[in-house]
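Peer 1: For what it's worth, my numbering labels the leading residue of the sequence shown as 5, then goes sequentially.
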Amino acid sequence: MSFYPQKINERFQNPRNGGKPENPNAVGAGASFVCGSFVRFYLRINPETKEISEAGYKTNGCGFAIAAAEILAESIVGEKLTGLHGLDTEALRAEIERKLGQFANERTQCAEICFDALHRAFSDYRARQIEEFAGEKALICTCFSVSEETIETAIDRNQIETVEEVAKVCRAGGGCGSCRFLIQEMIDIYRSERF
Ligand code: FES
Numbered sequence: 005m006s007f008y009p010q011k012i013n014e015r016f017q018n019p020r021n022g023g024k025p026e027n028p029n030a031v032g033a034g035a036s037f038v039c040g041s042f043v044r045f046y047l048r049i050n051p052e053t054k055e056i057s058e059a060g061y062k063t064n065g066c067g068f069a070i071a072a073a074e075i076l077a078e079s080i081v082g083e084k085l086t087g088l089h090g091l092d093t094e095a096l097r098a099e100i101e102r103k104l105g106q107f108a109n110e111r112t113q114c115a116e117i118c119f120d121a122l123h124r125a126f127s128d129y130r131a132r133q134i135e136e137f138a139g140e141k142a143l144i145c146t147c148f149s150v151s152e153e154t155i156e157t158a159i160d161r162n163q164i165e166t167v168e169e170v171a172k173v174c175r176a177g178g179g180c181g182s183c184r185f186l187i188q189e190m191i192d193i194y195r196s197e198r199f
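1) Looking at the structure shown, is Thr63 part of a helix, part of a strand, or coil, going by DSSP?
2) If you follow the beta strand (DSSP E) that Cys145 is in, where does it begin and where does it stop?
3) Just grab the DSSP bridge partners of Glu55 for me.
4) Name the residue from Pro51, Ile75 and Ala69 whose alpha carbon lies nearest to the alpha carbon of Ala59.
5) How would you call Arg198, buried or exposed, if buried means at least 16 neighbouring beta carbons within 10 angstroms?
6) Suppose you measure from the CA of Thr157 to the CA of Ala71; what does that come to, to the nearest Å?
7) Which residue marks the beginning of the beta strand (DSSP E) containing Ala33, and which one marks its end?
8) Report buried or exposed for Asp192, applying the criterion of at least 16 other Cβ atoms within 10 angstroms of its Cβ.
9) I want to check one thing, is the minimum distance from the CB of Gly139 to the heavy atoms of ligand 1 below 7 Å?
10) Are the beta-carbon atoms belonging to Arg184 and Gly32 less than 8 Å from one another?
11) Evaluate Gln106 with the Cβ neighbour count: other Cβ atoms within 10 Å of its Cβ, from every protein chain shown; 16 or more gives buried, anything less gives exposed.
12) Can you list, in chain order, the residues of its chain with a C-beta nearer than 6 Å to that of Arg130? Leave out the 5 residues immediately preceding and following it.
13) Quick check on Arg175: does DSSP put it in helix, strand or coil?
14) Let me confirm a value: Phe137 is counted as buried when at least 16 other C-beta atoms fall within 10 Å, else exposed. Which label applies?
15) Hey, which unbroken runs of the alpha helix (DSSP H) at 4 residues or more fall wholly within the region 84-124?
16) CB-CB under 8 Å to Arg15, same chain, minus the five flanking residues each way: which ones, in chain order?
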């Protein structure tokens with residue numbers, strides 16, 4: 005008799021992705037102030053192909069957090085940054101629920117810290133890419149190599165109001181999603197100056 009629901013227990017008992025892969029080039033953490041648990045994601049991303057070749061995690065969390073981290077690691081390995089469609093939290097939640105069932109309200113934070121950790125790992129990767137970038141124009145979206153100037157032009161020419169529209173026009177924001185808050189800021193500034 006297990007303390008956890010069956011699907012959670014299966015993942016908890018047989019974790020396949022726990023630990024830190026060799027030479028990760030993206031790291032992000034999430035933590036809960038409610039129960040004190042944390043999750044840290046480690047990714048290895050091929051800078052040329054933009055493929056996520058390895059994903060691992062460390063956590064002091066419960067079986068729910070471990071099961072959620074397992075599903076997330078599994079679902080992104082082999083994917084390309086350019087194929088993540090903005091890495092929407094709702095899509096991640098749907099994937100977890102599809103494989104593990106719905107988490108009870110008091111357990112949703114166990115999955116939330118995993119989402120935070122994963123998003124931060126991609127932000128970390130983006131920051132590292134920007135640091136290495138030697139081009140002349142300010143880069144905003146490293147997944148699709150889209151400059152600030154290109155996004156500004158797209159917003160202005162198309163009278164864009166949402167990040168989704170920017171992604172449709174020039175692809176920026178349609179990968180790992182870590183540049184989306186910057187694109188939103190650009191839209192907000194443009195609209196506040198214009199109206
Ligand atoms: S940096 Fe990944 S979607 Fe823009």
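Glycine included, C-beta positions come from ideal geometry on N, C-alpha and C. These numbers were taken from a predicted model, which means no experiment stands behind them.
Peer 2: Taking the geometry as given:
1) Here Thr63 sits in strand by DSSP.
2) Boundaries of the beta strand (DSSP E) harbouring Cys145: Leu143 to Cys145, taken from the DSSP string.
3) Paired residues: Lys84.
4) For the options Pro51, Ile75 and Ala69, the alpha carbon positioned closest to that of Ala59 is the one of Ile75.
5) When all chains shown are included, Arg198 counts as exposed.
6) In a straight line, the C-alpha of Thr157 is about 43 Å away from that of Ala71.
7) Per DSSP, Ala33 is one residue of the beta strand (DSSP E) stretching across Ala30 to Ala35.
8) Answer is exposed; the Cβ neighbour count stays below 16.
9) Result no, Cβ not under 7 Å from ligand 1.
10) Result no, Cβ atoms of Arg184 and Gly32 do not sit closer than 8 Å.
11) With fewer than 16 Cβ atoms within 10 Å of its Cβ, Gln106 is classed as exposed.
12) Contacts found: Thr146 and Ser182.
13) Three-state DSSP puts Arg175 in coil, outside helix and strand.
14) Exposed, by the Cβ-count rule.
15) Fully enclosed alpha helix (DSSP H) runs of 4 or longer: 93-104.
16) Excluding positions up to five away in sequence, the list reads Gly67, Ile70, Ala71, Glu74, Ile75 and Leu104.
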